[in-house]
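Going down the list, the protein sequences come from chains A and B. Residues 1 to 146 (this note's numbering) make up the first sequence, in order. Residues 1 to 146 (this note's numbering) make up the second sequence, in order. Each residue gets a CB set at the ideal place from its N, CA and C atoms; glycine is no exception. All figures in this text were calculated on a predicted structure; none of them were measured in a lab. All remarks here apply to the structure that follows.
Number of protein chains: 2
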Amino acid sequence: MQITSKFTTAVHILTCIDVFGEQMRVTSEFLSGSTGVNAVIIRNVLAQLRSAGIVNTRQGSGGAHLAKPLNEITLYDVYLAVECVDNDEGLFHFHENPNARCPVGRNIHKVMDNRLSAVQAAMENELKSVSLSEIVADTKRIISEE
Amino acid sequence: MQITSKFTTAVHILTCIDVFGEQMRVTSEFLSGSTGVNAVIIRNVLAQLRSAGIVNTRQGSGGAHLAKPLNEITLYDVYLAVECVDNDEGLFHFHENPNARCPVGRNIHKVMDNRLSAVQAAMENELKSVSLSEIVADTKRIISEE
DNA sequence: CTACTTGTCAATATGATTATTACAAGTTTG
DNA sequence: CAAACTTGTAATAATCATATTGACAAGTAG
């Protein structure tokens, strides 16, 4: 099981918009070339980032732009935007038909739910602690040292 | 994206072994009935728990038994045993073909890896903090109050 | 108008997860 | 030993999520 690559793709996209955005139009075709991901997927990810208020895009004119400063975008915002984990279902997939006639079967969900939520929250809190400005700053530093 | 239900199934199994183990043989058929999960899946999960030194099973005689006390088994041990997350790949699936000729493409992995590992570690640390004895104690308490 | 780009649909592959059938091999009971 | 039961495991199929691809309507800019 792995969290969809749309997440790392989205971070890659946002980094490109900041790194290249001033010199050129950052189109879905360009992003497809940089990420190695199909342009339709790129457009879908951009649409999700746009719905989340993270980027602006427009038909025709082309080129994605940041809708807010990088330091106001965390990995968690990106994670939410691309729907890595379904809000209803949660991170852990429960076996769906525990037997209600078994004392354990009818209570296991109740007993585990809070704890699994805490595990998911621990992961999400860590995502909240990283802002895109850190990611991009590191990227620019590495590029300048190459 | 969700973590395989083999994880919650395994916790369910271990709870059943402790709750019912003294009164009866806890066979894969019985566990299949309690969990609503196919008996072959149950046997596969039991095989993984056995490989991890968490339970004992034997051909023929039937009935799974705990190989160590519940308070020495954490959710993390179970998570490792049933291989929720591939050790090589990690929790996050990276897009696989970033363009090495793009400055961002050839560095994005390097920049993100540490941070994604930290996120995964935060989740796994939370799993380590919960022992099966807590889960089973809660279950028994709820059953006794029904 | 023309060239380009985004938004989106539909069809297809690909891969992971779970279910199911089948049977060899080990254990227990009589 | 024979019968009944159980685990271990392989192979196949069904289901679902993920990612790719081609197509085209609609918006924008020169």
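Checklist line | Partners in chain A for B:G63, counting only beta-carbon separations shorter than 7 Å | finding: For the purposes of this step, residue 63 of chain B is identified with residue 63 of the second sequence, where counting begins at 1. Under the 7 Å cutoff, chain A gives no residues; its nearest Cβ is about 16 Å from B:G63.
Next item on the list: Sort out for me which residues DSSP pairs B:T74 with in a bridge.
Entry: Residue 74 of chain B sits at position 74 when you count from the first residue of the second sequence. According to DSSP, B:T74 bridges with B:S131.
Margin query: Taking the beta carbon of B:N107 as the centre, do at least 16 other beta carbons fall within 10 Å, making it buried, or is it exposed?
Written below: On the second sequence, position 107 is the one that residue 107 of chain B refers to. The residue in question, B:N107, is buried, as its Cβ has 16 or more Cβ neighbours within 10 Å.
Checklist line | Proximal residues of chain B, C-beta to C-beta of A:N107 below 7 Å | finding: Translated into positions along the first sequence, residue 107 of chain A becomes position 107. Residues of chain B passing the Cβ test: T139, I142, I143.
Checklist line | Cutoff 8 Å: A:N71 Cβ touching any chain B Cβ | finding: For the purposes of this step, residue 71 of chain A is taken as the residue at position 71 of the first sequence. No, A:N71 does not count as interfacial toward chain B.
Next item on the list: Output the boundary residues of the alpha helix (DSSP H) element that contains A:K6.
Entry: Locating residue 6 of chain A in the first sequence gives position 6, where the first residue counts as 1. Residues 6-20.
Note to self: Between the alpha carbons of A:T35 and B:H95, how many angstroms are there, rounded?
What the structure shows: Residue 35 of chain A sits at position 35 when you count from the first residue of the first sequence. Residue 95 of chain B sits at position 95 when you count from the first residue of the second sequence. Approximately 7 Å between the Cα atoms of the pair.
Item checked: CA-to-CA distance, A:S131 to A:L70, given in whole angstroms -> Here residue 70 of chain A is taken as the residue at index 70 of the first sequence, counted from 1. Here residue 131 of chain A is taken as the residue at index 131 of the first sequence, counted from 1. Roughly 7 Å between the two C-alpha positions.
Check: Since B:E126 contacts A:V111 with CB under 8 Å, what's their CB separation in whole angstroms?
Finding: Translated into the one-based positions of the second sequence, residue 126 of chain B becomes position 126. Translated into the one-based positions of the first sequence, residue 111 of chain A becomes position 111. Actually they are not in contact, since the Cβ atoms of B:E126 and A:V111 sit about 16 Å apart, beyond 8 Å.
Note to self: So within the stretch 43-96 of chain A, which uninterrupted alpha helix (DSSP H) runs reach at least 4 residues, ignoring any that extend past its ends?
What the structure shows: The qualifying runs are 75-81.
Check: Of all Cβ atoms in chain B, is any one closer than 8 Å to the Cβ of A:R25?
Finding: For this step, residue 25 of chain A is matched to residue 25 along the first sequence. With its beta carbon at least 8 Å from every one in chain B, A:R25 lies outside the interface.
Notebook entry, point to check: Touch check for the stretch 27-34 of chain A and the stretch 79-96 of chain A: three-plus C-beta pairs under 8 Å?
Noted result: No: the two stretches stay apart, fewer than three of their Cβ pairs being nearer than 8 Å.
Check: Name the DSSP beta bridge partners of B:I3, please?
Finding: Taking the second sequence and counting its residues from 1, the one referred to as residue 3 of chain B is at position 3. For B:I3, DSSP records a beta bridge to A:F92.
Next item on the list: Find the nearest neighbour of B:L66 within the set B:V104, B:V136, B:I143, judged by alpha-carbon distance.
Entry: Stepping through the second sequence from its first residue, residue 66 of chain B is reached at position 66. B:L66 has its Cα closest to that of B:V136, out of B:V104, B:V136, B:I143.
Next item on the list: Could you have a look at A:T139 and say whether DSSP puts it in helix, strand or coil?
Entry: Residue 139 of chain A sits at position 139 when you count from the first residue of the first sequence. Here A:T139 sits in helix by DSSP.
Notebook entry, point to check: Going along chain A in order, which residues have a C-beta closer than 7 Å to the C-beta of B:T9?
Noted result: Sequence index remark: in the second sequence, residue 9 of chain B carries index 9 (1-based). Chain-ordered, the chain A residues with CB closer than 7 Å to the CB of B:T9 read H95.
Next item on the list: Give the DSSP-derived three-state secondary structure of A:T27 in the structure shown.
Entry: By one-based count along the first sequence, residue 27 of chain A stands at place 27. Coil at A:T27, not helix or strand.
Checklist line | Within chain B, partners of A:S132 - CB distance below 8 Å | finding: Position 132 of the first sequence, counted from the first residue, corresponds to residue 132 of chain A. Checking the sequence, you will find Leu at residue 132 of chain A rather than Ser. Correct list: empty, because the minimum Cβ distance to chain B is about 11 Å.
Next item on the list: Check the Cβ-Cβ distances between B:G36 and every residue of chain A, and say whether any is below 8 Å.
Entry: Here residue 36 of chain B corresponds to residue number 36 of the second sequence, with the count starting at 1. Taking 8 Å as the CB threshold, B:G36 lines the interface with chain A.
Next item on the list: Ignore the nearest five residues each way along the sequence and tell me which others in A:A52's own chain have a CB closer than 6 Å to its CB.
Entry: The residue labelled residue 52 of chain A in the question sits at position 52 within the first sequence. Shown here for A:A52: same chain residues with a beta carbon closer than 6 Å to its own, the five before and five after excluded, namely A81 in chain order.
Notebook entry, point to check: Is it right to say B:G105 is buried, meaning 16 or more other beta carbons lie within 10 angstroms of its own, or is it exposed?
Noted result: Along the second sequence, read from residue 1 onward, the residue named residue 105 of chain B stands at position 105. B:G105 comes out buried.
Check: For B:N56 versus B:R50, is the C-beta distance shorter than 8 Å?
Finding: Position 56 of the second sequence, counted from the start, is the residue given in the question as residue 56 of chain B. Position 50 of the second sequence, counted from the start, is the residue given in the question as residue 50 of chain B. Between B:N56 and B:R50, the C-beta spacing is below 8 Å.
Next item on the list: Give the interface partners of B:S117 over in chain A, defined as CB-CB distance under 7 Å, in chain order.
Entry: As a first step, residue 117 of chain B must be located in the second sequence, where it is residue number 117. Those within 7 Å of B:S117 in chain A number zero; the least Cβ separation is about 10 Å.
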